[in-house]
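Asks: Residue numbers (the numbering used here): 29 to 340.
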Ligand SMILES: Nc1ncnc2c1ncn2[C@@H]1O[C@H](COP(=O)(O)OP(=O)(O)O)[C@@H](O)[C@H]1O
Ligand SMILES: [Mg+2]
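1) Below 7 Å CB to CB, which residues in the same chain sit around residue 153 once its five sequence neighbours on both sides are set aside?
2) Let me confirm a value: residue 66 is counted as buried when at least 16 other C-beta atoms fall within 10 Å, else exposed. Which label applies?
3) Is there contact between the segment 272-280 and the segment 87-96, where contact requires at least three CB pairs shorter than 8 Å?
4) Along the alpha helix (DSSP H) that carries residue 190, what are the first and last residues, could you check?
5) Helix or strand or just coil, what does DSSP make of residue 172?
6) Just to confirm, are residue 125 and residue 329 a CB contact at a threshold of 8 Å?
7) So does residue 300 have its beta carbon nearer than 7 Å to some heavy atom of ligand 2?
8) When you compare the CB positions of residue 77 and residue 42, do they come within less than 8 Å of one another, or not?
9) So who's on the other strand from residue 93, going by DSSP bridges?
10) Could you spell out where the alpha helix (DSSP H) holding residue 10 opens and where it closes?
11) Closer than 7 Å: is that where the CB of residue 326 sits relative to any heavy atom of ligand 2?
12) Does DSSP put residue 218 in a helix, in a strand, or in coil?
13) Check whether the segment 164-175 and the segment 184-197 touch, using three or more Cβ-Cβ pairs below 8 Å as the test.
14) I think residue 214 touches residue 234, with their Cβ atoms under 8 Å apart; what is that distance to the nearest whole Å?
15) Quick one: what's got a C-beta closer than 8 Å to residue 258's C-beta in the same chain, skipping five residues either side?
16) Does DSSP classify residue 166 as helix, strand or coil?
17) In the DSSP assignment, what are the bridge partners of residue 232?
18) Give the range of the alpha helix (DSSP H) segment to which residue 274 is assigned.
19) With respect to the alpha helix (DSSP H) encompassing residue 182, which residues constitute its N-terminal and C-terminal limits?
20) If you compare alpha carbons, which of 115, 99, 68, 102 is closest to residue 88?
21) Between the C-alpha atoms of residue 185 and residue 35, what's the straight-line distance to the nearest angstrom?
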């Protein structure tokens, strides 16, 4: 393992925060802090992010970002760290802001023809939703443009269900992304960097007892099964997913770490979204994906720590 940052560095492990994913982030932060201690970073401290963050960061030399969602994964905290000149892990302001919004992510990635995007429309507040989906084929899926954990998402089987599904999404966001529903299975793949070069982790496949990987499936024990490395794809599709993941990471301007979600149908991948600050709890996807390729939890934390200050 390679240590880039000196062992006596004062590191703030940013977690908690003010998003709906606060509890998960606190768990991520606690685990990362324990790993940093084991790695010899004795001056690493947990910092629960509140509106006092400018004060609370005084004296710290580095920030390890384990925040998820609003303010922590969307460029806001990154902007504060830029102003304070504190090098931080993971993606910078621009990539964080873009990837927080599923529509803008797709617009950027649509410039690269190798990245397969699902046919979709973007419905802004006040627009006629029925008219907007005229060119899409049912079933559809409605999603708030910037919310995680499958909040506000609905599968729409027929036109009569559209209005209610749209209303559900609008509760979270004025703007709604409506995609064609891919009747396949879900996979996710991590992207890490070593000496500035991005590479993909093993692929994790999730099989659910529900129709899709919805909120219940995500948080109810026994409703979903994790398979890592994934077995549902051919060797060719496995390589393709990894290649596209790295391409998406680079195209969106990500740095240090990300985790890219896909649907797979007929052995073909379809891009869903980029998570710029993936969970780091002991049951999270990224640690499991890394572990099967020989990168244990502490090594993963060190690799991400080494990305501090390298973001664009
Ligand atoms: N177009 C789609 N077709 C089929 N399933 C989808 C589609 N979009 C999302 N899903 C399902 O919903 C889950 C969450 O979607 P995602 O876009 O990754 O949002 P988030 O993880 O931010 O809630 C996915 O894991 C997948 O199971
Ligand atoms: Mg997702």
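Heads up, the beta-carbon is just placed ideally off N, CA and C, and yes, glycines get one too.
These numbers come from a predicted model, not from an experiment.
Replies: In short:
1) Cβ neighbours of residue 153 beyond the five flanking positions: 202, 203.
2) By the Cβ-count criterion, residue 66 is exposed, with fewer than 16 other Cβ atoms from all chains shown falling within 10 Å of its own Cβ.
3) Look at the beta carbons and you see the segment 272-280 not touching the segment 87-96: under three pairs across the two are nearer than 8 Å.
4) 190-198 is the span of the alpha helix (DSSP H), which, as asked, contains residue 190.
5) Judged by DSSP in its simplified three-state form, residue 172 adopts strand.
6) Cβ atoms of residue 125 and residue 329: not closer than 8 Å.
7) Yes.
8) The criterion of a C-beta distance shorter than 8 Å is satisfied by residue 77 and residue 42.
9) Residue pairing by DSSP places residue 93 opposite 42 in a beta bridge.
10) Look at the range of the chain in this structure, 29 to 340, and you will see that residue 10 is not part of it.
11) Residue 326: no, Cβ never under 7 Å from ligand 2.
12) Judged by DSSP in its simplified three-state form, residue 218 adopts strand.
13) In short, these stretches touch, since the Cβ pair count reaches three.
14) Between residue 234 and residue 214 the Cβ distance is about 5 Å, and since that is below 8 Å, they are a contact.
15) Closer than 8 Å at the Cβ level, and outside the excluded window around residue 258, lie 215, 230, 231, 232, 233, 266.
16) Residue state, collapsed to three classes: coil.
17) Beta-bridge pairing links residue 232 to 216.
18) Its alpha helix (DSSP H) spans residues 263-279.
19) Run containing residue 182: none in the alpha helix (DSSP H); it sits in the beta strand (DSSP E), 182-184.
20) If we check each option's Cα against that of residue 88, 115 comes out closest.
21) Separation of residue 185 and residue 35 (C-alpha to C-alpha, rounded to the nearest whole angstrom) is 55 Å.
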